[in-house]
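Undergrad: Residue 1 is where the sequence shown starts when you use my numbering, and the numbers rise one by one after that.
We put the CB at the ideal spot given by N, CA and C, even for glycine.
Okay, here's the structure, questions in a sec.
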Amino acid sequence: MRQTKTIIIGGGASGLYLSSLLLKQHTVLEQNSKVGKKILASGGGKCNITNEFISSQNYLGDAEFIDEILSNLSYKEVLAKFSDVKFSKIKNNQFFASSSKDVLNSLLKMCKNSEILTSTKVQSVKKLGDDFILTTNSGDFSCKNLVVASGGLSAKALGVSDIGYNIAMKFNHKVSTLNPALVGLTVQKPEFWMKSLSGVSLKGTLKVGSRILDGELLFTHKGISGPVAMNASLFWQKGECELNFMPNFNLKNIRNSRKQLVSVLPLPRNFIKAYLKNFNLLDKPVSRFSDSEFEIIKNLQSYKFAPAGNFGYEKAEITKGGICVSEMSNFCESKICKNLYFIGEILDVSGMIGGFNLHFAFASAKAVAKKLNSCAL
Ligand SMILES: Cc1cc2nc3c(=O)[nH]c(=O)nc-3n(C[C@H](O)[C@H](O)[C@H](O)COP(=O)(O)OP(=O)(O)OC[C@H]3O[C@@H](n4cnc5c(N)ncnc54)[C@H](O)[C@@H]3O)c2cc1C
């Protein structure tokens with residue numbers, strides 16, 4: 001059995017960030033043949049690493065805990081840490097790297113005290129006295145401090161496992177219901193007209209409960225996607241949502257127009273035609289639509305529908321739900337089992353699109369580093 005003081009399960013965003021901060025020698029166990037696969041996939045290969053407006057408002061989960069963890073790390077500190085990577089600010093607040101590869105390489109250069117063992121899959125963990133005993137496909141390991149950074153269940157193709165949730169439950173932690181999130185929404189029959197618009201996008205808002213999400217909406221052969229629908233998947237459980245396909249447009253101004261509808265609405269022409277067709281209507285001068293027909297046009301600003309579900313874990317960027325944070329200290333240490341830590345996506349903290357998930361992964365890693373580095377002194 002190999003003995004080491006500290007083991008991190010998972011060489012992903014949170015595990016590697018922690019590794020880069022630890023002052024003492026430690027071991028990272030990674031099941032894949034290479035570390036950081038999700039970092040590489042992030043932001044379409046350009047890693048949206050952080051956001052200027054980091055706050056619990058952009059997350060689903062316990063706001064008090066989230067704010068406490070986020071207080072460990074500002075977006076400026078993230079950018080400064082990756083000072084050798086070029087970033088650009090997009091949409092006024094999101095920071096994208098020139099390439100995700102640069103981010104991963106930069107992070108790996110900072111992992112100075114790490115022994116990183118790839119192709120090492122942790123299968124189970126038990127406690128023997130003060131030690132954690134880990135069974136892996138490459139033999140057993142023992143350690144005093146165990147950090148679980150094994151991520152969620154989304155994007156299966158990048159290599160995922162449920163080991164973190166199993167460890168949590170083994171040590172009597174509660175795990176809330178898990179679901180794919182930051183993923184497109186499938187539609188029911190009344191909305192099948194949207195499927196014919198696959199590839200078309202527009203700027204709209206989607207209301208889920210009391211949340212109004214805005215941004216790009218993309219139609220696909222399965223339903224709706226794009227940042228608006230993906231963010232909505234974070235907050236939607238079941239029931240109705242409301243789409244506004246043209247926020248900020250005043251329909252009253254066009255009611256008496258003699259121009260064709262497709263030429264006055266701020267929407268793609270094929271979208272308007274597909275929408276009208278669904279109600280057995282054709283394009284014509286706006287003034288010729290009857291009042292009841294115009295109600296259908298008005299409905300474009302308050303289109304209620306109930307999604308059928310979502311595109312599933314294969315397409316999801318994250319897993320929502322996870323290990324309950326009420327059982328975690330502000331250092332992400334288990335309140336039930338000393339020296340056991342959980343960080344990153346495995347916790348019941350889910351961020352919106354915009355760099356919030358990587359930022360939380362890093363901030364939670366920093367919380368653990370504070371504790372472990374202070375013990376090491
Ligand atoms: C396509 C895509 C794009 C994304 N884009 C962004 C973005 O631009 N910005 C953003 O903020 N977030 C983005 N995310 C989300 C972000 O990547 C994750 O939230 C983040 O990587 C979570 O970090 P983590 O360390 O918790 O988990 P991960 O990064 O998933 O790391 C977990 C690691 O643990 C390993 N592991 C799992 N089980 C075991 C085991 N049994 N034994 C050993 N190792 C194990 C895994 O192989 C993996 O390497 C994206 C996600 C996807 C899928």
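#1: Tell me the rounded alpha-carbon separation between Glu345 and Ile8.
#2: Just to confirm, are Phe132 and Leu146 a CB contact at a threshold of 8 Å?
#3: Is Glu30 closer than 8 Å to Gly10 when the C-beta atoms are compared?
#4: Using the DSSP secondary-structure output, state which residues sit across from Cys332 in a beta bridge.
#5: Could you name the residues of the same chain whose beta carbon sits closer than 8 Å to that of Ile212, not counting the 5 residues immediately before and after it, in chain order?
#6: Taking the alpha-carbon of Phe245 as reference, which of Lys238, Phe219, Ser257, Gly239 has the nearest alpha-carbon?
#7: In the DSSP assignment, the beta strand (DSSP E) including Tyr341 goes from what residue to what residue?
#8: Determine the direct distance from the alpha carbon of Ile163 to that of Tyr17, and round the result to whole angstroms.
#9: Express the C-alpha separation of Asp130 and Cys111 in angstroms, rounding to a whole number.
#10: Using the beta-carbon count (16 or more within 10 Å), is Asp84 buried or exposed?
#11: Using 10 angstroms around the beta-carbon of His173, count the other beta-carbons present and answer buried if the total reaches 16, otherwise exposed.
#12: Buried or exposed: Ile336, going by 16 or more other Cβ atoms within 10 Å of its Cβ?
#13: Tell me which residue opens and which closes the alpha helix (DSSP H) that Lys37 is part of.
#14: What do you reckon, is the C-beta of Gly322 under 7 Å from a heavy atom of ligand 1?
#15: How many angstroms separate the CA atom of Gln188 from the CA atom of Leu202?
#16: Sorted by chain position, which residues of the same chain lie with C-beta nearer than 6 Å to Gly322's C-beta, five sequence neighbours on each side aside?
#17: Relative to ligand 1, is the shortest distance from any of its heavy atoms to the C-beta of Leu29 smaller than 7 Å?
#18: Considering Cα atoms alone, identify which of Val264, Phe356, Ser329, Cys143 is closest to Lys371.
#19: My output table needs one value for Asn179: the three-state DSSP class, helix, strand or coil.
#20: Check for me: the alpha helix (DSSP H) holding Ile272 runs from which residue to which?
#21: Thinking C-beta only, is Phe96 closer than 8 Å to Ser106?
#22: Closest to Cys143 by CA distance: which of Phe289, Pro268, Ser161, Val28 is it?
#23: Would you check whether ligand 1 has a heavy atom nearer than 7 Å to the C-beta of Gly12?
#24: Grab the span of the beta strand (DSSP E) containing Lys126 for me, first residue to last.
#25: I'd like to check one pair, Pro190 with Ala316: are the Cβ atoms closer than 8 Å?
#26: Please report the distance separating the alpha-carbon of Thr177 from that of Ala155.
#27: Output needed for Thr50: all residues of its chain with C-beta closer than 6 Å, excluding positions within five of it in sequence on either side, in chain order.
#28: Here's the rule: buried if 16 or more other CB atoms are within 10 angstroms of the residue's CB, otherwise exposed. What is Phe82?
TA: Looking at the atomic coordinates:
#1: Counted from its first residue, the sequence shown places residue 345 at position 345. Counted from its first residue, the sequence shown places residue 8 at position 8. Taking the straight line joining both Cα atoms gives about 14 Å.
#2: The residue labelled residue 132 in the question sits at position 132 within the sequence shown. The residue labelled residue 146 in the question sits at position 146 within the sequence shown. Yes, the Cβ-Cβ distance between Phe132 and Leu146 is below 8 Å.
#3: Residue mapping note: residue 10 aligns to position 10 of the sequence shown, counting from 1. Residue mapping note: residue 30 aligns to position 30 of the sequence shown, counting from 1. Yes, Cβ-Cβ distance for Gly10 and Glu30 is below 8 Å.
#4: What you label residue 332 is simply residue 332 of the sequence shown in a count that begins at 1. Its beta-bridge partners do not exist; DSSP assigns none.
#5: Here residue 212 refers to the residue found at position 212 of the sequence shown. Counting only Cβ-Cβ distances below 8 Å, and skipping sequence neighbours, we find Thr205, Leu206.
#6: In the sequence shown, the residue the question calls residue 245 occupies position 245. Its Cα nearest to that of Phe245, the residue Phe219 stands out among Lys238, Phe219, Ser257, Gly239.
#7: Taking the sequence shown and counting its residues from 1, one reaches residue 341 at position 341. DSSP places Tyr341 in the uninterrupted beta strand (DSSP E) bounded by 340-342.
#8: Position 17 of the sequence shown holds residue 17. Position 163 of the sequence shown holds residue 163. Approximately 20 Å, taken between the alpha carbons.
#9: Numbered from 1 along the sequence shown, position 111 holds the residue referred to as residue 111. Numbered from 1 along the sequence shown, position 130 holds the residue referred to as residue 130. When rounded, the distance between both Cα atoms is 27 Å.
#10: As a working mapping, residue 84 is identified with position 84 in the sequence shown. The residue in question, Asp84, is exposed, as its Cβ has fewer than 16 Cβ neighbours within 10 Å.
#11: Working through the sequence shown from its first residue, we reach residue 173 at position 173. His173 comes out buried.
#12: Stepping through the sequence shown from its first residue, residue 336 is reached at position 336. Its Cβ having fewer than 16 others within 10 Å, Ile336 is exposed.
#13: In the sequence shown, counting from the first residue as 1, residue 37 sits at position 37. Counting along the chain, the alpha helix (DSSP H) containing Lys37 begins and ends at 37-41.
#14: Position 322 of the sequence shown, counted from the first residue, corresponds to residue 322. Checking the Cβ of Gly322 against ligand 1 gives no.
#15: Residue 188 sits at position 188 when you count from the first residue of the sequence shown. Residue 202 sits at position 202 when you count from the first residue of the sequence shown. The C-alpha of Leu202 is placed about 20 Å away from the C-alpha of Gln188.
#16: As a working note, residue 322 is residue 322 in the sequence shown. Counting only Cβ-Cβ distances below 6 Å, and skipping sequence neighbours, we find Ile346, Leu347, Asp348.
#17: Translated into positions along the sequence shown, residue 29 becomes position 29. Yes, since a heavy atom of ligand 1 falls inside the 7 Å radius drawn around the Cβ of Leu29.
#18: Here residue 371 is taken as the residue at index 371 of the sequence shown, counted from 1. Checking every option, the nearest Cα to that of Lys371 belongs to Ser329.
#19: Counting from 1 along the sequence shown, the entry for residue 179 is found at position 179. Residue state, collapsed to three classes: strand.
#20: Walking along the sequence shown from the start, residue 272 turns up at place 272. Unbroken alpha helix (DSSP H) run through Ile272: 269-278.
#21: If you number the sequence shown from 1, residue 106 lands on position 106. If you number the sequence shown from 1, residue 96 lands on position 96. Cβ distance not < 8 Å, so Ser106 and Phe96 don't count as in contact.
#22: Reading the sequence shown from its first residue, position 143 is the one you call residue 143. The shortest C-alpha separation from Cys143 is found at Val28.
#23: As a working note, residue 12 is residue 12 in the sequence shown. Yes, Cβ of Gly12 sits closer than 7 Å to a heavy atom of ligand 1.
#24: As a working note, residue 126 is residue 126 in the sequence shown. First-last of the beta strand (DSSP E) with Lys126: 122-128.
#25: Mapped onto the sequence shown, residue 316 falls at position 316. Mapped onto the sequence shown, residue 190 falls at position 190. Their beta carbons are not under 8 Å apart, which means Ala316 does not touch Pro190 by this criterion.
#26: Reading the sequence shown from its first residue, position 177 is the one you call residue 177. Reading the sequence shown from its first residue, position 155 is the one you call residue 155. So the two alpha carbons sit approximately 18 Å from each other.
#27: Here residue 50 corresponds to residue number 50 of the sequence shown, with the count starting at 1. Within the same chain, Thr50 has close Cβ partners Tyr75, Val78, Phe95, Gly355, His359.
#28: Here residue 82 refers to the residue found at position 82 when the sequence shown is read from its first residue. So Phe82 counts as buried.
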